[in-house]
Amino acid sequence: LLLVALYVGLSSKRSKHPPGPRGLPLIGNLLDMPTNDEWLQYRKWSEEFKSDIIYLNVFGTHIVVTNTLESTLDLLERRSSKYSGRCVFQHPMGMEWGFVLMPYGDEWRAHRRLAVKGFDAHVIPKYDLAFTRNAHGLLRRLLESPEAWHEHVHHQVGAMTIEVSYGLDVLPKNDPFLESAAKTSATFAMAIKPGAFLVNMMPILTYVPSWFPGAGFQRKAKEFRRHVDETLEAPFKALKDEIANGAAKPSFAQRCLQDMDPKIDTAYQERVIKGTSAVMYGAGADTSTSFLATFVLAMLQYPSVQRRAQAELDSVLGPDRLPTFGDMPALPYLSAVMKECHRWEVVLPLA
């Protein structure tokens, strides 16, 4: 009777929320949650309930999905002081240092301030050499084995991100920095999926021992944490070793360490720098790889566009040199093609 009364009481409050699938007693919409291509299901619900915003409830955890740009901007920009808090993920995978997961506060502001300062529009040109060097590296790999183009793109984009973040060079194959970072990115992508781990919906499960039935996430968390710790610690230690030996190349982390404030605790500043640097791989590697794959698809599907873009390149560069960032103003068609690829196939369907 108590459970029934609780369910009825919770159901009576439903009218205060946006529309969405009804759900079951106690577990709510747990069984409704999509496990892949979730944005398609969210869009379907939006059309079914004739609402730009839909509501889900899983074990009492409230989930609100915005399905249009207008509703997203209204909540997250115009009313950002109320709705821009971060979701708290309970899965114990050791990514508390990632400022994209941090709640608003001094810690989040310190990480974000560092990221904005390090990748401001006026600072980005400092990385042009790293961008160019890795673009040329990708071309060499494509010439050697074009059939493995996606593997080459993934490797070289990762190499570029590691160089920009830490100034480190990676191995041509089986690089430990890239392997641990790739596993961390895959772990993160899996862990943040709604409904992927019940612990995110029922935080009390955090205290369940790993041998307990249904606590498989605890065993996975141990493996996840190993990759996450490697991603956080290994490249930062390698950079500090190179700094000590006088061999460090300019990079985001190197500049941050160089500019530390002597009036602020050194250990705290290094922790913020280390966490912000590690986030850079996740922010740039998979998204850039996905975008370049979209570009390849576009060129295959629209050969006339490819021919016109190539003709523009040939007219500007001639037969004996590769493009530089200084050529961009003279390549308006190619620039438009790149922008259209961003619009055509959005890298992150979930904002």
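Quick note, in this note's numbering, the sequence shown goes up one by one and the last residue is 352.
By construction, the Cβ of each residue, glycine as well, lies at the ideal position given by its N, Cα and C atoms.
I need the straight-line Cα distance from residue i to residue j, nearest angstrom please.
i    : j    : result
R226 : G86  : 25 Å
G21  : F60  : 15 Å
N30  : D38  : 17 Å
A279 : E234 : 9 Å
I28  : T36  : 16 Å
L258 : I274 : 7 Å
F132 : L25  : 52 Å
Y334 : A136 : 20 Å
Q42  : Y105 : 30 Å
G276 : K238 : 13 Å
G319 : V347 : 33 Å
M261 : D170 : 24 Å
R110 : Y303 : 44 Å
Q311 : N246 : 45 Å
R322 : S316 : 12 Å
E341 : E148 : 25 Å
Y84  : V66  : 12 Å
W40  : D328 : 38 Å
K223 : R308 : 51 Å
R44  : D121 : 34 Å
L172 : N58  : 46 Å
T62  : Q157 : 40 Å
Within the same chain, show all residues whose beta-carbon is closer than 7 Å to that of residue i, passing over the 5 residues directly before and after it, in chain order.
i    : result
E231 : S181
A352 : In this prediction, A352 has a pLDDT of 46, which is less than 50 and means its spatial position is unreliable; what the coordinates show is noted afterwards. The residues are T73.
K250 : G168
S47  : D53, I55, N68
A6   : Model confidence at A6 stands at a pLDDT of 48, short of 50, so the residue's coordinates are unreliable; what they give is reported in the following sentence. Excluding sequence neighbours, A6 sits near nothing in its chain.
A190 : none
K17  : none
For residue i versus residue j, is the C-beta distance shorter than 8 Å?
i    : j    : result
L240 : G285 : no
F178 : P236 : yes
S186 : G283 : yes
P19  : I64  : no
S166 : F253 : yes
H151 : A294 : yes
K184 : H228 : yes
F326 : D107 : no
L314 : P324 : yes
I355 : Q255 : An answer regarding residue 355 cannot be provided, because it is not within the stretch 2 to 352 covered by the chain.
Looking only at its chain, what residues have a beta carbon closer than 6 Å to the beta carbon of residue i, apart from the 5 residues adjacent to it on each side?
i    : result
N175 : none
H343 : none
H155 : T290
K353 : One cannot answer for residue 353 here, as it falls past the ends of the chain, which runs 2 to 352.
L3   : Its pLDDT being 48, under 50, L3 is placed unreliably in this model, and the coordinates cannot settle the point.
Run through DSSP, which three-state label would residue i get?
i    : result
N135 : helix
T325 : coil
G99  : coil
H151 : helix
G29  : strand
V59  : strand
I244 : helix
T354 : The chain is shown from 2 up to 352; residue 354 falls before or after that span and cannot be answered.
I265 : coil
Excluding five sequence neighbours on each side, which residues of the same chain lie with their C-beta closer than 8 Å to the C-beta of residue i?
i    : result
M339 : F296
L349 : T288
H112 : F100, M103, V273, G276, T277, V280
S146 : H153
L32  : L25
Check: Below 8 Å, can you find three or more Cβ-Cβ pairs linking the segment 101 to 121 to the segment 131 to 145?
Finding: no
Check: Any contact of the segment 285 to 298 with the segment 155 to 166, i.e. 3+ C-beta pairs under 8 Å?
Finding: The segment 285 to 298, when compared against the segment 155 to 166, does touch it at the 8 Å Cβ threshold.
Item checked: Cβ contact (3+ pairs, closer than 8 Å) linking the segment 96 to 103 and the segment 73 to 83 -> Touching, no.
Note to self: For the pair the segment 296 to 306 and the segment 265 to 272, tell me if three or more CB-CB distances fall below 8 Å.
What the structure shows: no
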